[in-house]
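Taking it in order: structure first as structure tokens, then the write-up.
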Amino acid sequence: MTRLSQLLLPTEREPPADAEALSHKLMVRAGLVRQVGAGLWTWLPAGYRVHQKIVQIVREEIDAIGGQEMLMPVLQPAELWKRSGRYDIDELFKLKDRKGADMVLALSHEECVTTHMAQFVRSYRDLPRILYHFQVKERDEPRPRAGVLRTREFIMKDSYSFDRDLEGLDASYDLHVEAYARIFDRTGLEWYSVESDVGMMGGIGAHEYMAPCAAGENEVALAPGYAANVEVAAAEAQPVALPDPLASPETVHTPGATTIDEVARMLGVQPGALLKAYPVVADGRGLVLVLVRGDHRVNDIKLTNALGAAFRPAHDDEVRDRIGPPGYIGPVGANVHVLLDTAVTYGGYVVGANEPDHHLRGVEPGRDFAFERGDVRSVVVGDRVDGHEITIEPAIEVGNIFKLGTRYSEPLGAMYLDVDGAQRPIWMGSYGIGPARIAAAAVEQFADEKGISWPRALAPWDVEIVALGKAGSEELAAAEGLYRELRAIGLDVLLDDRDVGPGVKFADAELLGCPLRLTVGRRSLQDGRAEAQRRRGLDDVEGGVPLEGAAEAVAELWRSLP
RNA sequence: CGGGGAGUGGCGCAGUCUGGUAGCGCACCCGGCUGGGGGCCGGGCGGUCGCAGGUUCAAAUCCUGUCUCCCCGACCA
């Protein structure tokens, strides 16, 4: 019998002083987690029950698409990572063993699982396969934050698919899309999937699964039928009032005006009528002058994708030599390749004149300078997709799926012999889910001023029984009887049998957030009933439940909960 | 890595400027009352003031160094 009097559930009246995010405050206050160091957390018994409920949902759904659960080590020889080219990632924890050999703590398991498949797979007959595990990931994050939301150590479900070709990979990917939809639906979270950047994993396609909430670190652009991470979102820009180009660019005196706002004010035009110049040096391409509308911002990820290469901002002396004085640079007459954002339409723009304290007015892209087109700006609220204005909201990334292609199989030698006798690399996908983030997102999405309100699929216990009498009382005996009845039909029950006042018990129950609370006290006991309250909305059940045959009534109530 | 803030009993804080026997609330222990929303009365336990060094008759307080944690930004498969 899970008695609160025996349980390690250290609830706190006040949140930790340094906590900011709601889930951080509430998960600590409710006694679910405790901090050990920056980004390092212990899951206390009640918190770990939540974690394990999530794990079990994920396990059932990945099993259902043919995933095979296994377990790979966290501590790995550095050699694997040197071969895959990921050894130099800053987030990778590196260490030496007693013999001086380089080791790493895995931040994901592509290297390990791919190495195994290189050993096992001989023929196309050995494919496809889906393998997965729940295992600790170690990442030396520059800034852990918000409690359990961004940590340096966390458990992740990562699955990996192995196929003959892109068609096979697409099929495995689609299986995960279906499994993920079932998983996130079952958790009770509000969620959606978005297009995302393939990032440093390398790859040919990716989606992220997002749970919207205030503490989220990602920004998502949303419109009817559209959802994308702002990192990669594309939308039609709001039009800006533009003068026509002049017959030829006119030089104007703009002393001291080096910012968009200063120039726009001085010349009496909208910021959007300027072209913002962002000089970068791209790997293998050299200096490139990126131009976006003055009211837009360059998006580094989209720019990297448009350039097809990593880049860094150009240094002042590189700009001075090749283009003009910093603060007054522009594309006209500059000896540099120009990348023009797609949101820049026909019109007469203001650009830097490449001489101090001067700009050019009436400049027409194409006529006055040559350019390459690229979508390199960040979308902003009010942009449109299919005619609908987008909104941008914060969200937690709770899962992601990647089409890796042969990015790991080639360097790690995971090959198979195809029907035609040719040796080919295996096509891979990788698919992650963070149970801790799902828990935190659920707290964020459903908490109220009293505390947590778990979706029933994630709650540490299905039902909390608050017994109001003290030890040896009639109330407590009745509560214990109720406990046994509910257990017998398979409900997880927590019994608050502590010798404390009713206020403390109610407050703790609301903090902990089990979806259904039953109260056994003198009042209702006289009528042979227990009071019942749904946690979501603190909604009292009319008349409560009868103690006689309680199990049926409670089970029915339970099934009706969110 | 840049900027800001904080380390004083289990938690939340005051005390530091202006050096002089370390305090408050909650929690905890004992006794009693109370018993449907964090209740009341009385009595208690518990802190080398993050760490190291220095100044001083005397350091939580001043100086130097260092460690840790938080927030914003950068960063973030």
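First residue of the first sequence? That's 1066 in this note's numbering, and the numbers climb one at a time after it.
C-beta atoms are modelled at their ideal positions from N, C-alpha and C, and glycine is treated no differently.
A quick note: this is a predicted structure, and the numbers were derived from the prediction, not measured.
Hey, quick one: how far does the beta strand (DSSP E) through residue 1237 stretch, first residue to last?
For the purposes of this step, residue 1237 is taken as the residue at position 172 of the first sequence. Element bounds for residue 1237: not the beta strand (DSSP E) but the alpha helix (DSSP H), 1231–1252.
C-beta atoms of residue 1599 and residue 1580 nearer than 8 angstroms:
Counted from its first residue, the first sequence places residue 1599 at position 534. Counted from its first residue, the first sequence places residue 1580 at position 515. Cβ distance < 8 angstroms, so residue 1599 and residue 1580 count as in contact.
Which residues share a DSSP beta bridge with residue 1142?
For the purposes of this step, residue 1142 is taken as the residue at position 77 of the first sequence. DSSP lists 1168 as partners of residue 1142.
Taking the alpha carbon of residue 1504 as the point to measure from, which residue in 1586, 1464, 1071 has its own alpha carbon closest?
For the purposes of this step, residue 1504 is identified with residue 439 of the first sequence, where counting begins at 1. The residue with the shortest Cα to Cα distance from residue 1504 is 1464.
Between the CA atoms of residue 1130 and residue 1287 - distance to the nearest angstrom:
As a working mapping, residue 1287 is identified with position 222 in the first sequence. As a working mapping, residue 1130 is identified with position 65 in the first sequence. Roughly 30 angstroms between the two C-alpha positions.
Among the candidates 1587, 1500, 1590, 1133, whose CA atom is the shortest distance from the CA of residue 1213?
On the first sequence, residue 1213 is found 148 positions in, with the first residue counted as 1. Ranking the options by Cα distance to residue 1213, first place goes to 1500.
For residue 1100 and residue 1107, I'd like the C-alpha separation in whole angstroms.
Locating residue 1100 in the first sequence gives position 35, counting from the first residue. Locating residue 1107 in the first sequence gives position 42, counting from the first residue. Computed Cα separation, rounded: 6 angstroms.
Just reading off the beta strand (DSSP E) that residue 1596 is part of, what are its end residues?
As a working note, residue 1596 is residue 531 in the first sequence. Start and end: 1594–1599.
Over what stretch of residues does the beta strand (DSSP E) that includes residue 1221 continue unbroken?
Walking along the first sequence from the start, residue 1221 turns up at place 156. Unbroken beta strand (DSSP E) run through residue 1221: 1218–1228.
Spatial neighbours of residue 1353 within its chain, please: C-beta separation below 8 angstroms, excluding the five flanking residues on both sides.
Counting from one through the first sequence, the residue named residue 1353 turns up at place 288. Excluding residues within five positions, the ones whose Cβ falls inside 8 angstroms are 1344, 1345, 1346, 1347, 1372, 1376, 1401, 1402, 1403, 1404.
Which complete beta strand (DSSP E) runs does the stretch 1284–1368 hold, if anything under 3 residues is left out?
1291–1294, 1315–1318, 1340–1347, 1351–1358
Reduced DSSP category for residue 1513 - H, G, I as helix; E, B as strand; rest coil:
Your numbering for residue 1513 matches position 448 in the first sequence. Note: residue 1513 maps to strand in three-state DSSP.
Can you say whether residue 1584 is buried or exposed, counting buried as having 16 or more other CB atoms within 10 angstroms of its CB?
In the first sequence, counting from the first residue as 1, residue 1584 sits at position 519. Looking at its Cβ environment, which holds 16 or more other Cβ atoms inside 10 Å, residue 1584 is buried.
Grab the span of the alpha helix (DSSP H) containing residue 1583 for me, first residue to last.
Taking the first sequence and counting its residues from 1, the one referred to as residue 1583 is at position 518. Element bounds for residue 1583: not the alpha helix (DSSP H) but the beta strand (DSSP E), 1581–1585.
Measuring alpha carbon to alpha carbon, tell me which residue in 1222, 1184, 1215 is nearest residue 1199.
Here residue 1199 corresponds to residue number 134 of the first sequence, with the count starting at 1. Answer by Cα proximity: 1222.
Environment of residue 1425 [buried if 16+ CB atoms lie within 10 Å]:
In the first sequence, counting from the first residue as 1, residue 1425 sits at position 360. Buried is the call here.
Unbroken beta strand (DSSP E) runs of length 3 or more, entirely within the stretch 1458–1487: which are they?
1480–1482
Helix, strand or coil for residue 1548, going by three-state DSSP, please let me know.
Here the question's residue 1548 lines up with position 483 in the first sequence. Helix at residue 1548.
What does DSSP give as the partner residues of residue 1498 in its beta bridges?
Looking up residue 1498 in the first sequence gives position 433. Paired residue(s): 1222, 1464.
Could you check the C-alpha separation between residue 1408 and residue 1493 for me, to the nearest Å?
Along the first sequence, read from residue 1 onward, the residue named residue 1408 stands at position 343. Along the first sequence, read from residue 1 onward, the residue named residue 1493 stands at position 428. The straight-line gap separating the alpha-carbon atoms of residue 1408 and residue 1493 is approximately 36 angstroms.
Taking its Cβ as the centre, do 16 or more other Cβ atoms sit within 10 Å of residue 1265, making it buried, or is it exposed?
Position 200 of the first sequence holds residue 1265. Confidence at residue 1265 is low in this model, with a pLDDT of 47, below 50, so its placement is unreliable and the value that follows should be read with caution. Label assigned to residue 1265: exposed.
Taking the alpha-carbon positions, what's the residue 1413 to residue 1312 distance?
As a first step, residue 1413 is located in the first sequence; it is residue number 348 there, counting from the start. As a first step, residue 1312 is located in the first sequence; it is residue number 247 there, counting from the start. Rounded to whole angstroms, residue 1413 to residue 1312 spans 10 angstroms at the Cα level.
Strictly by DSSP, which residues pair up with residue 1628?
This structure cannot settle anything about residue 1628, because the visible part of the chain is limited to 1066 through 1627.
What is the rounded straight-line gap between the Cα of residue 1305 and the Cα of residue 1349?
For the purposes of this step, residue 1305 is identified with residue 240 of the first sequence, where counting begins at 1. For the purposes of this step, residue 1349 is identified with residue 284 of the first sequence, where counting begins at 1. Going by the C-alpha atoms only, they are around 35 angstroms apart.
If I'm right that residue 1406 touches residue 1357 with Cβ under 8 angstroms, what's the distance once you round it to whole angstroms?
If you number the first sequence from 1, residue 1406 lands on position 341. If you number the first sequence from 1, residue 1357 lands on position 292. Right, the Cβ-Cβ distance comes to about 4 angstroms (below 8 angstroms), so this counts as a contact.
Going by Cα to Cα distance, which pick from 1422, 1535, 1133 is closest to residue 1320?
Along the first sequence, one-based indexing puts residue 1320 at 255. Comparing Cα-Cα distances from residue 1320 to each of 1422, 1535, 1133, the minimum goes to 1422.
Return the residue from the list 1555, 1554, 1531 that minimises the CA-CA distance to residue 1544.
As a working note, residue 1544 is residue 479 in the first sequence. When each option's Cα is compared against that of residue 1544, the closest is 1531.
Cβ contact check for the stretch 1474–1487 and the stretch 1323–1342: 3 or more pairs under 8 angstroms:
no
Tell me which residue opens and which closes the alpha helix (DSSP H) that residue 1122 is part of.
On the first sequence, position 57 is the one that residue 1122 refers to. Note, residue 1122: alpha helix (DSSP H), 1110–1129.
Same chain, Cβ closer than 7 angstroms to residue 1589, neighbours up to 5 away in sequence not counted
For the purposes of this step, residue 1589 is taken as the residue at position 524 of the first sequence. Counting only Cβ-Cβ distances below 7 angstroms, and skipping sequence neighbours, we find 1595, 1596, 1609.
For the stretch 1235–1252 and the stretch 1462–1480, state whether three or more C-beta atom pairs, one from each stretch, are separated by less than 8 angstroms.
yes
C-alpha gap between residue 1143 and residue 1211, whole angstroms:
Translated into the one-based positions of the first sequence, residue 1143 becomes position 78. Translated into the one-based positions of the first sequence, residue 1211 becomes position 146. Rounded to the nearest angstrom, the two C-alpha atoms are 31 angstroms apart.
Might you give, ordered along the chain, the residues of its own chain that have their beta carbon closer than 7 angstroms to the beta carbon of residue 1418, omitting 5 neighbours on each side?
The count along the first sequence starts at 1 and reaches residue 1418 at position 353. Closer than 7 angstroms at Cβ, skipping near neighbours: 1316, 1393, 1395, 1424, 1425.
Can at least three beta-carbon pairs, one atom from the stretch 1154–1166 and one from the stretch 1444–1458, be found at a separation below 8 angstroms?
no
If distances are taken between C-alpha atoms only, which option among 1069, 1386, 1284 comes closest to residue 1420?
Working through the first sequence from its first residue, we reach residue 1420 at position 355. Comparing Cα-Cα distances from residue 1420 to each of 1069, 1386, 1284, the minimum goes to 1386.
Could you check the C-alpha separation between residue 1081 and residue 1094 for me, to the nearest Å?
Position 16 of the first sequence, counting from 1, holds the residue named residue 1081. Position 29 of the first sequence, counting from 1, holds the residue named residue 1094. Cα to Cα, residue 1081 sits roughly 8 angstroms from residue 1094.
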